[in-house]
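Asker: Chains as they are written, first to last, in the numbering used here: chain Y, 3 to 346; chain H, 3 to 346.
From the three backbone atoms N, C-alpha and C, an ideal C-beta is built for every residue, glycine too.
There are 2 protein chains.
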Amino acid sequence: MNDTPIFLRACKREPTEYTPVWLMRQAGRFLKEYRSLRRQHSFLTLCKTPELATQVTLLPIEKLNVDAAIIFADILLPLEPMGIDLEFTKGEGPVIHNPPRSRAEVGKLKTIEAEEDLAFVMEAITLVYRQLTGRIPLIGFSGAPFTLASYLLEGGSTKDFIKTKSLMYEDPSCWHLLMEKLSEAIISYLNAQVRAGAEALQVFDSWAGTLSPKDYEEFVLPHSQRVFRALPTKIPAIHFATGTSGILDLMHEAGGDILGIDWRIDLGKAWQRLGYNIGIQGNLDPTALLGPPERIESKVEEILHSAEGRPGHIFNLGHGVLPQTPEENVITMVEAVHRLSRDR
Amino acid sequence: MNDTPIFLRACKREPTEYTPVWLMRQAGRFLKEYRSLRRQHSFLTLCKTPELATQVTLLPIEKLNVDAAIIFADILLPLEPMGIDLEFTKGEGPVIHNPPRSRAEVGKLKTIEAEEDLAFVMEAITLVYRQLTGRIPLIGFSGAPFTLASYLLEGGSTKDFIKTKSLMYEDPSCWHLLMEKLSEAIISYLNAQVRAGAEALQVFDSWAGTLSPKDYEEFVLPHSQRVFRALPTKIPAIHFATGTSGILDLMHEAGGDILGIDWRIDLGKAWQRLGYNIGIQGNLDPTALLGPPERIESKVEEILHSAEGRPGHIFNLGHGVLPQTPEENVITMVEAVHRLSRDR
């Protein structure tokens with residue numbers, strides 16, 4: 003009998019009795035308990051109050067029967083101690099009030115000591131870790147340098163990444179300086195999470211797929227690589243982005259023990275292209291969870307079929323759960339992943 | 003001496019002295035003459051007045067020295083004669099006031115006779131064709147069934163395609179009925195454009211890359227295939243979409259003599275994966291045109307290098323020119339494509 007949780011064994015590409023599954027944003031708006039908490043507290047209050055963040059992190063665990071917890075936090079939190087004025091507005095999402103607009107402003111971004119500057123995250127991680135008592139592992143996470151840089155430069159969400167790419171093209175040395183500063187903060191943040199109790203890490207480079215392969219290689223890869231190389235080797239690291247069919251090889255080169263992909267490519271084909279010396283996470287389209295249960299089950303089966311039962315597949319969506327997703331559909335999905343992968 | 007314009011020879015994968023180039027949205031908001039016309043006329047007035055549409059179509063030809071013209075129109079125009087109430091609002095883009103919300107409403111969508119119902123487009127095509135006097139060819143175009151269906155169902159632009167995908171999953175037979183009706187309209191529309199003078203066609207399935215390969219295969223491929231099979235074989239057809247690295251093979255199967263791709267994949271790799279029995283169009287990131295001229299030129303060179311001078315490459319952006327693009331940067335790009343491809 004192996005005591006290591008199934009999720010961690012899959013991360014190491016060891017055979018498991020069934021395919022482990024968790025969902026990005028599993029502790030989020032699709033849960034009625036979460037919506038009820040949000041009526042009482044702002045989003046940032048939930049993030050910054052360890053007891054509340056712990057409560058939110060644990061909300062989906064029993065209900066959904068997932069194989070991993072992920073700490074409730076936001077990828078933009080490390081920007082605040084760097085000197086960034088961050089706000090979450092209703093409907094519009096994150097707004098950054100003082101995006102750096104010159105080399106001088108980039109130069110002024112502060113170095114962080116994550117243990118102190120983001121102590122509330124570490125406390126929440128330690129609290130969750132204790133409450134989970136080893137049943138399932140806890141995933142810590144951070145945004146990747148590119149994705150943090152893009153939020154920072156655009157001042158919020160964007161479609162075309164015009165300010166981000168313009169800085170790359172017009173002032174590469176300023177771009178690299180920004181990426182170095184962000185990488186340092188991320189390295190401090192992720193290592194502190196591991197010391198606090200995180201047993202796996204996910205690095206979200208959610209929008210890396212918006213770059214051409216050449217741009218990814220020149221402007222992003224060296225920085226992401228530095229981050230992955232600075233993580234504790236014993237802790238599995240998941241490297242996630244969307245729309246990456248054209249840069250899979252480069253993301254692999256950048257690092258991570260598991261590559262998280264979205265639904266825009268067949269999982270089996272992506273894995274084959276990567277070679278099998280890396281695990282793979284994914285890749286159900288989150289909108290599939292708005293459809294009927296039979297459709298959800300057949301899509302789960304397609305993905306499991308595509309993964310061919312190879313060790314190292316972690317089932318997940320290709321992006322976060324949509325807020326309008328019915329809870330029972332998520333339960334249907336998790337149950338189908340467990341049952342159909344056992345049966346294979 | 004070969005009298006066939008270089009763009010049409012490239013479409014047939016014949017060797018050419020240099021690589022032909024045009025730009026999606028080359029007759030659009032980045033041109034000051036266009037912005038000036040738009041101050042006098044609404045967008046739909048420009049589309050529906052053949053003399054004005056002709057004037058707009060010809061605006062970029064001399065100025066940019068491109069190798070093809072594309073008729074000025076909008077992909078949503080065929081929806082109007084089908085019974086759809088279409089409006090272009092300032093800032094928000096297209097708004098559809100009566101998206102079909104039931105099988106009965108889909109059933110009521112009208113069959114169109116493009117020659118009559120969209121006579122203004124045909125007149126503009128004939129006027130442009132006469133004025134071009136064979137110097138460069140004129141491209142006609144339409145949205146593909148999926149992209150039209152998504153605008154129709156979402157009622158405008160969207161990020162997650164929730165209504166579109168929900169209909170696929172919940173009521174596949176209603177979905178297929180809608181796609182059949184749209185395909186018929188598109189077939190009528192594109193064939194009428196050829197009779198009016200279009201010498202090549204582009205089918206925009208701009209958002210097809212948002213689908214998983216399985217969903218594309220089940221819900222889109224058969225309909226796009228029907229459209230391509232119903233086009234005159236002598237007229238080259240370009241099949242364009244963005245974010246398609248994971249469905250290149252399926253788009254090839256759906257049809258088209260040339261596949262239009264975006265910058266999210268290396269052009270040479272995409273072409274190799276497709277096999278060389280199809281031409282390829284692309285694939286500069288439109289944001290590159292906001293950068294300095296040296297960067298534009300080096301990116302043009304990268305793409306030409308990746309295409310390896312194979313016959314059948316048509317240079318283009320990976321999506322439409324951004325409105326804020328400086329005109330001189332587009333001129334720099336076109337000149338670089340011509341010069342650097344001649345030198346190879």
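Considering only C-alpha positions, which residue in the set H/Ala202, H/Arg41, H/Glu64 and H/Pro96 is nearest to H/Ile316?
Answerer: For the purposes of this step, residue 316 of chain H is identified with residue 314 of the second sequence, where counting begins at 1. Out of H/Ala202, H/Arg41, H/Glu64 and H/Pro96, H/Ala202 has the C-alpha closest to the C-alpha of H/Ile316.
Asker: Count the other C-beta atoms from every protein chain shown that fall within 10 angstroms of the C-beta of H/Asp264, then say buried if there are 16 or more, exposed otherwise.
Answerer: The residue labelled residue 264 of chain H in the question sits at position 262 within the second sequence. It counts as buried.
Asker: Please report how far the alpha carbon of H/Glu82 lies from the alpha carbon of H/Glu117, in whole angstroms.
Answerer: Start at 1 with the first residue of the second sequence, and residue 82 of chain H comes out as number 80. Start at 1 with the first residue of the second sequence, and residue 117 of chain H comes out as number 115. About 14 Å.
Asker: Do the stretch 117–130 of chain H and the stretch 166–181 of chain H make contact, defined as three or more Cβ pairs closer than 8 Å?
Answerer: Judged by Cβ distances under 8 Å, the stretch 117–130 of chain H makes no contact with the stretch 166–181 of chain H, as fewer than three pairs qualify.
Asker: If we cut at 8 Å on Cβ distances, does H/Trp177 have a partner in chain Y?
Answerer: Locating residue 177 of chain H in the second sequence gives position 175, counting from the first residue. Not one chain Y Cβ lies under 8 Å of H/Trp177.
Asker: Closest Cβ-Cβ distance between Y/Leu324 and chain H: below 8 Å?
Answerer: Along the first sequence, read from residue 1 onward, the residue named residue 324 of chain Y stands at position 322. Yes, Y/Leu324 lies at the interface with chain H (some Cβ there is under 8 Å from its Cβ).
Asker: So with CB distances below 8 Å, who are the chain H contacts of Y/Leu292?
Answerer: Position 290 of the first sequence, counting from 1, holds the residue named residue 292 of chain Y. Those are Ile164, Lys167, Ser168 and Tyr171, listed as they occur along chain H.
Asker: Could you tell me which of Y/Asp345, Y/Gly322, Y/Ala290 and Y/Lys14 sits nearest to Y/Trp24, measuring between CA atoms?
Answerer: Counting from one through the first sequence, the residue named residue 24 of chain Y turns up at place 22. For the residues Y/Asp345, Y/Gly322, Y/Ala290 and Y/Lys14, the minimum Cα distance to Y/Trp24 belongs to Y/Gly322.
Asker: By the 10 Å Cβ neighbour count, where 16 or more other Cβ atoms means buried, how is Y/Pro328 classified, buried or exposed?
Answerer: By 1-based counting over the first sequence, the position of residue 328 of chain Y is 326. It counts as exposed.
Asker: Using a 10 Å radius around the Cβ and a threshold of 16 neighbouring Cβ atoms, would you call Y/Glu310 buried or exposed?
Answerer: Numbered from its first residue, the first sequence carries residue 310 of chain Y at position 308. Exposed, since its Cβ has fewer than 16 Cβ neighbours within 10 Å.
Asker: In the stretch 242–273 of chain Y, which residues sit with their C-beta less than 7 Å from some C-beta in chain H, listed in chain order?
Answerer: Cβ contacts with chain H come from Gly245, Ser247, Gly248, Trp265, Arg266, Ile267 and Asp268.
Asker: Restricting to Cα atoms, I'd like to know which of Y/Leu60, Y/Phe32, Y/Lys34 and Y/Leu79 is closest to Y/Leu192.
Answerer: By one-based count along the first sequence, residue 192 of chain Y stands at place 190. When each option's Cα is compared against that of Y/Leu192, the closest is Y/Leu79.
Asker: Please determine, among H/Leu233, H/Pro234, H/Ile98 and H/His254, the residue with the shortest C-alpha to C-alpha distance to H/His241.
Answerer: Along the second sequence, one-based indexing puts residue 241 of chain H at 239. The option with the nearest alpha carbon to H/His241 is H/His254.
Asker: From what residue to what residue does the beta strand (DSSP E) around Y/Ala239 run?
Answerer: Position 237 of the first sequence, counted from the start, is the residue given in the question as residue 239 of chain Y. Run containing Y/Ala239: Ala239 to Phe242, per the beta strand (DSSP E) assignment.
Asker: What three-state label does DSSP hand Y/Ile282 in the structure shown?
Answerer: Translated into the one-based positions of the first sequence, residue 282 of chain Y becomes position 280. It is a strand residue.
Asker: Just how far apart, CA to CA, sit Y/Gly85 and Y/Arg40?
Answerer: On the first sequence, residue 85 of chain Y is found 83 positions in, with the first residue counted as 1. On the first sequence, residue 40 of chain Y is found 38 positions in, with the first residue counted as 1. C-alpha separation (whole angstroms): 26 Å.
Asker: Can you look up Y/Ser144 in the DSSP assignment and give me helix, strand or coil?
Answerer: Within the first sequence, numbered from 1, the residue matching residue 144 of chain Y stands at position 142. Y/Ser144: strand per DSSP, three-state reduction.
Asker: Taking the alpha helix (DSSP H) that Y/Pro52 belongs to, which residues open and close that run?
Answerer: In the first sequence, the residue the question calls residue 52 of chain Y occupies position 50. Counting along the chain, the alpha helix (DSSP H) containing Y/Pro52 begins and ends at Pro52 to Leu66.
Asker: Restricting to Cα atoms, I'd like to know which of Y/Gln227, Y/Glu16, Y/Arg346 and Y/Gly158 is closest to Y/Leu252.
Answerer: Start at 1 with the first residue of the first sequence, and residue 252 of chain Y comes out as number 250. Residue Y/Gln227 is the option with its Cα nearest to Y/Leu252.
Asker: Output, in chain order, the set of chain Y residues within a Cβ distance shorter than 9 Å of H/Pro215.
Answerer: For the purposes of this step, residue 215 of chain H is taken as residue 213 along the second sequence, with counting starting at 1. Within 9 Å Cβ-Cβ: Trp265, Arg266, Ile267, Asp268 and Lys271.
Asker: To the nearest angstrom, how far is it from the Cα of Y/Ile267 to the Cα of Y/Leu319?
Answerer: Along the first sequence, one-based indexing puts residue 267 of chain Y at 265. Along the first sequence, one-based indexing puts residue 319 of chain Y at 317. Computed Cα separation, rounded: 13 Å.
Asker: How would you list, in chain order, the residues of chain Y whose beta-carbon sits under 7 Å from the beta-carbon of H/Arg297?
Answerer: Residue numbering aside, residue 297 of chain H sits at position 295 when the second sequence is read from its first letter. What H/Arg297 touches in chain Y: Tyr171.
Asker: Interface residues of chain Y around H/Glu304 at Cβ under 9 Å?
Answerer: By 1-based counting over the second sequence, the position of residue 304 of chain H is 302. What H/Glu304 touches in chain Y: Ser214 and Lys216.
Asker: From Y/Glu89 to Y/Lys110, what does the alpha carbon distance come to, in whole angstroms?
Answerer: Here residue 89 of chain Y corresponds to residue number 87 of the first sequence, with the count starting at 1. Here residue 110 of chain Y corresponds to residue number 108 of the first sequence, with the count starting at 1. About 20 Å.
Asker: Might you give, ordered along the chain, the residues of its own chain that have their beta carbon closer than 8 Å to the beta carbon of H/Ile73, omitting 5 neighbours on each side?
Answerer: Indexing the second sequence from 1 puts residue 73 of chain H at position 71. For H/Ile73, where only same-chain residues beyond five positions count, the Cβ hits under 8 Å are Ala55, Thr59, Val123, Ala126, Ile127, Val130, Leu140, Ile141, Gly142, Phe143, Gln195 and Ala200.
Asker: Would you mind stating whether H/Ile261 and H/Gln283 have Cβ atoms separated by less than 8 Å?
Answerer: The sequence position of residue 261 of chain H within the second sequence is 259, counting from 1. The sequence position of residue 283 of chain H within the second sequence is 281, counting from 1. Note that residue 261 of chain H is Leu in the sequence shown, not Ile. Going by C-beta atoms, H/Leu261 is nearer than 8 Å to H/Gln283.
Asker: Could you work out which residues of chain H lie near Y/Ala211, taking near to mean beta carbons separated by less than 7 Å?
Answerer: Along the first sequence, one-based indexing puts residue 211 of chain Y at 209. Correcting the residue identity first, residue 211 of chain Y is Gly in this sequence and not Ala. Simply Arg266.
Asker: So, using beta-carbon positions, are Y/Pro238 and Y/Cys13 closer together than 8 Å?
Answerer: Counted from its first residue, the first sequence places residue 238 of chain Y at position 236. Counted from its first residue, the first sequence places residue 13 of chain Y at position 11. Yes.
Asker: Count the CB pairs spanning the stretch 279–299 of chain H and the stretch 243–251 of chain H that are closer than 8 Å, and state whether there are at least three.
Answerer: With a cut-off of 8 Å, the stretch 243–251 of chain H and the stretch 279–299 of chain H do not count as touching, because too few Cβ pairs lie within range.
Asker: Expressed to the nearest angstrom, what Euclidean distance is found between the alpha-carbon atoms of Y/Leu2 and Y/Pro22?
Answerer: The shown model of chain Y, from 3 to 346, leaves out residue 2 of chain Y, and the question about it has no answer.
Asker: If we ignore side chains and look at the alpha-carbon of each, how far apart do Y/Thr212 and H/Leu269 end up?
Answerer: One-based indexing of the first sequence puts residue 212 of chain Y at position 210. One-based indexing of the second sequence puts residue 269 of chain H at position 267. One C-alpha to the other measures close to 15 Å.
Asker: Would you kindly report the start and end of the unbroken beta strand (DSSP E) that includes Y/Asn318?
Answerer: Sequence index remark: in the first sequence, residue 318 of chain Y carries index 316 (1-based). Y/Asn318 -> beta strand (DSSP E) spans His315 to Leu319.
Asker: Can you find a CB in chain Y that lies within less than 8 Å of the CB of H/Thr135?
Answerer: Looking up residue 135 of chain H in the second sequence gives position 133. Output row for H/Thr135: interface = no.
Asker: What does H/Asp5 touch in chain Y if you count any residue whose Cβ is under 7 Å from its own?
Answerer: Taking the first residue of the second sequence as position 1, residue 5 of chain H is located at position 3. Here the premise fails: no neighbours, minimum Cβ distance about 36 Å.
Asker: Excluding the 5 residues preceding and the 5 following Y/Glu299 in the sequence, name in chain order all residues of the same chain whose CB lies nearer than 6 Å to its CB.
Answerer: Position 297 of the first sequence, counting from 1, holds the residue named residue 299 of chain Y. These residues qualify, in order along the chain: Ala338.
Asker: Per DSSP, Y/Glu89 is paired with what?
Answerer: The residue given as residue 89 of chain Y occupies position 87 in the first sequence. In the DSSP output, where bridge partners are listed per residue, Y/Glu89 has Y/Val97.
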